[in-house]
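Worksheet: one structure, shown below.
Protein chains in written order, with the working numbering: chain A, 1 to 513; chain B, 1001 to 1312.
If you want it as structure tokens, here you go:
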């Protein structure tokens, strides 16, 4: 029987509220629109304020990535002040951001993503009972362990930056804290403890053993090799996901963007083997090729957004955020803008980072199977394997040389700067203009703005809209496929700083997933 | 008998939820066990399908399901133009659901500064406001006359974010019928009568007026760097953050995030002063005496402190 209907699917267990508007034909998604449901107006709130105020206000955009917002904000001000950051300050900034990132990746994986495996839709799944045991909200074994271990590792941020979330310890020129070796020792112990848990319980093996897994075949061998590998969270995820064909779900455009993650300090033992300035290099991936990244190619398109248009997509230095209230004859359906790179939409996040870094396992699977829910989650789950050894190295080096954590600089009255970083969900940028000692313009493009982008003037869908097309919803009562696809991007709607509610059009059904 | 808890998020960043997850000894799951809390709904942690969630809301509003504690995180967004459409749930203003749930709850707890006093966006098109305060004015979203079923007004737990210990302690007191004494801004005195400054490891600098003038210099942050530790209440330096430290201890000025009017309109990181003395002095202090004391204190400052030998 042919049936066509429209659905609005609210997504909880994202960071903030989100609804997906779908057009379905025979239980298959034929059209998708992603709609945030809240507007907080942070960019406009910053206008007219003192230059450093962004360091206090922008972390409050997001409770789970406040350190990432802080780092983007401070980098824009570093650029305006034209100050060189001391190596130890680079280390402290990165170490705190990396800690926040590991916290985020594991909380996302086990508190927000895998609870879907306990949905009644999987009642017949051979691993269902085990999934319930692990991932039942607030009770599953893995959930409880994740809560306990992530809050401990976060203590590193408190030692180096005062508190988590919402500190403002990064300032133009470096950081305000001056950790002593007593502080650093505590951080090293916390990191070692976390690494122990991560290897034992999440990875199921040592970082060294995991580093040998370079192909899908290696992955099979690794799974067969040891019960600990199969029973670890990564192994369990792989088994559940492959059985459920999550490697065929949620493809998307296959374009990726990365702003470059974790600039290396000038002097470090780590630099001996690698000369690259970043741990994960910046780049734009299109048609199988990585192109060099240039921020001038970024624009924001508002054709389908409820914002005033200026006839063409504009670079964030020029772009303003002026609300244009929804009208019934308007084609606009979202209060999110459509960020584009060189005119293209692009997916961002851990998968994009590992693609830019040409990680053999992740890039190999991408070449064979394309992007998918499975690959996005796998990239997120194993990202800490790249961070942990580097963190250990940088912690050892912190405060050992000249102990300079801040370089004096003059606060500028006028100027323009951008801060581009990799937040936990991907590319995050702040573009700041100062005039007469005040902020005259502030634009933030968050990772979720890239991933949750609406269409552009050419009618090209945003990444997760595209990833939903063609999805077969097997059980309309429990549309887990939609939730998997959206959550595999780790949506953060509170970060969608200029997203406001969209109006539900032709709604015939609403379902949670 | 278990205690039912419903958590709703308005205009916020989720930071109070993530802060609550930092609870230790007991941790979040242990706390719920100890206090027999039955979480009916939390937007970030629950896995109810839509039908069950809608049924739950209906049952609470009809009185079939008792609601003991309503936790509100984030401000109530009343804009644009009073429509409440800046924050919606399935097309409807979320503020309507917040009001309906508040009318059924035994206790309402505003978790964080945004829920308590409005916080970010109070002067913006989003028309953010707090549950029962709009900045320092009593009233807010629910109005002065509102009382929850227990007879208490909304209990405010300000802080950006709210410290997990304060929320855990308040839940424990409410559930164990321990009387809560509230200050004039309706925050429990047990956590909001101490000044943020108390317990700061930089207090010795403050004592002798050894002041920090540039970042990383080490010293008291009150005279020049905009620290509000002596001006606002909160237990940051008593119970510490993440069990380890506090912003002021590592050299980040207190931004006064528990204050009714946070975020302030004047610049952060800078103390407003008259001839080198802060305009705002520690609560209840006489200006003339304070200036005399500070002048003598600076003269008495020991060299080891001036040379920052303590390593703090």
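Glycine included, each C-beta is placed from N, C-alpha and C at the ideal position.
Owing to the predicted nature of the structure, the values given are computational and were not obtained by experimental measurement.
Presumed contact (8 Å Cβ cut-off) between residue i and residue j, rounded CB distance
i	j	result
residue 355 of chain A	residue 363 of chain A	6 Å
residue 1152 of chain B	residue 1107 of chain B	6 Å
residue 1115 of chain B	residue 1054 of chain B	About 24 Å; that fails the 8 Å criterion.
residue 260 of chain A	residue 240 of chain A	About 33 Å; that fails the 8 Å criterion.
Nearest neighbour of residue i, chosen from the options [CA to CA]
i	options	result
residue 129 of chain A	A/236, A/348, A/387 and A/477	A/236
residue 1008 of chain B	B/1024, B/1077, B/1051 and B/1192	B/1077
residue 411 of chain A	A/208, A/83 and A/32	A/83
residue 163 of chain A	B/1133, B/1176, B/1243 and B/1157	B/1243
residue 361 of chain A	A/45, A/214 and A/442	A/214
residue 27 of chain A	A/47, A/44 and A/6	A/6
residue 437 of chain A	A/49, A/8 and A/24	A/49
residue 435 of chain A	A/428, A/93, A/417 and A/413	A/413
residue 1061 of chain B	B/1097, B/1028 and B/1093	B/1097
residue 346 of chain A	A/112, A/144 and A/293	A/293
residue 180 of chain A	A/203, A/397 and A/344	A/397
residue 351 of chain A	A/332, A/382, A/322 and A/324	A/382
residue 149 of chain A	A/135, A/196 and A/126	A/196
residue 232 of chain A	A/314, A/131, A/192 and A/122	A/131
Helix, strand or coil at residue i [DSSP, three-state]
i	result
residue 271 of chain A	helix
residue 485 of chain A	helix
residue 591 of chain A	Limits of chain A in this structure are 1 at one end and 513 at the other, which puts residue 591 of chain A out of reach.
residue 1050 of chain B	helix
residue 1117 of chain B	helix
residue 350 of chain A	helix
residue 239 of chain A	helix
residue 1001 of chain B	coil
residue 1020 of chain B	helix
residue 207 of chain A	helix
residue 127 of chain A	coil
residue 1248 of chain B	helix
residue 159 of chain A	helix
residue 374 of chain A	helix
residue 172 of chain A	coil
residue 244 of chain A	coil
residue 480 of chain A	helix
residue 185 of chain A	helix
residue 316 of chain A	coil
residue 152 of chain A	helix
residue 448 of chain A	helix
residue 291 of chain A	strand
residue 1041 of chain B	strand
residue 19 of chain A	strand
residue 1220 of chain B	strand
Own chain, CB closer than 6 Å to residue i, minus 5 neighbours either side, in chain order
i	result
residue 430 of chain A	72, 73, 76, 419 and 444
residue 1255 of chain B	1268
residue 385 of chain A	207 and 210
residue 1005 of chain B	1037, 1039 and 1069
residue 455 of chain A	304 and 461
residue 1016 of chain B	1073, 1111, 1112, 1161 and 1162
residue 86 of chain A	174, 404 and 407
Same chain, Cβ closer than 8 Å to residue i, neighbours up to 5 away in sequence not counted
i	result
residue 501 of chain A	Because residue 501 of chain A sits at a pLDDT of 31, beneath the cut-off of 50, its placement in the model cannot be relied upon, and the following sentence gives the value as read from the coordinates. For residue 501 of chain A, where only same-chain residues beyond five positions count, the Cβ hits under 8 Å are 35, 36, 37, 38, 39 and 335.
Residues of its chain near residue i, where Cβ-Cβ distance is below 7 Å and the 5 sequence neighbours each way are ignored
i	result
residue 341 of chain A	257, 284, 297 and 298
residue 1229 of chain B	1195, 1196, 1197, 1200, 1222, 1248 and 1254
residue 1305 of chain B	1204, 1205, 1208 and 1210
residue 291 of chain A	283 and 284
residue 1287 of chain B	1281
residue 339 of chain A	298, 300, 445, 449, 450 and 453
residue 1031 of chain B	1023 and 1168
residue 484 of chain A	116, 246, 249, 250 and 373
residue 1279 of chain B	1272 and 1273
residue 423 of chain A	65, 68 and 447
residue 1312 of chain B	1201, 1202 and 1218
residue 366 of chain A	355 and 375
residue 504 of chain A	Any reading at residue 504 of chain A must be qualified, since the residue scores a pLDDT of 31, below 50, and its modelled position is unreliable; the value itself is stated next. Once the five neighbours on either side are set aside, the close Cβ partners of residue 504 of chain A are 8 and 21.
Enumerate, from N- to C-terminal direction, the unbroken alpha helix (DSSP H) stretches of 4 or more residues contained entirely within the stretch 41-124 of chain A.
The qualifying runs are 42-46, 54-57, 66-81 and 87-107.
In chain order, each beta strand (DSSP E) run of at least 3 residues that lies wholly inside the stretch 1049-1087 of chain B:
Counting only runs that start and end inside the stretch 1049-1087 of chain B, the beta strand (DSSP E) elements of at least 3 residues fall at 1069-1073.
Enumerated in chain order, which unbroken segments of the beta strand (DSSP E) with a length of 3 residues or greater are wholly contained in the stretch 1088-1172 of chain B?
Within the stretch 1088-1172 of chain B, the complete beta strand (DSSP E) runs of at least 3 residues are 1107-1111 and 1155-1157.
Where in the stretch 1244-1310 of chain B do unbroken runs of the alpha helix (DSSP H), each at least 4 residues long, occur, reported from the N-terminal end onward?
Runs of alpha helix (DSSP H) with 4 or more residues, each lying fully within the stretch 1244-1310 of chain B, are found at 1247-1250, 1287-1300 and 1303-1306, listed in chain order.
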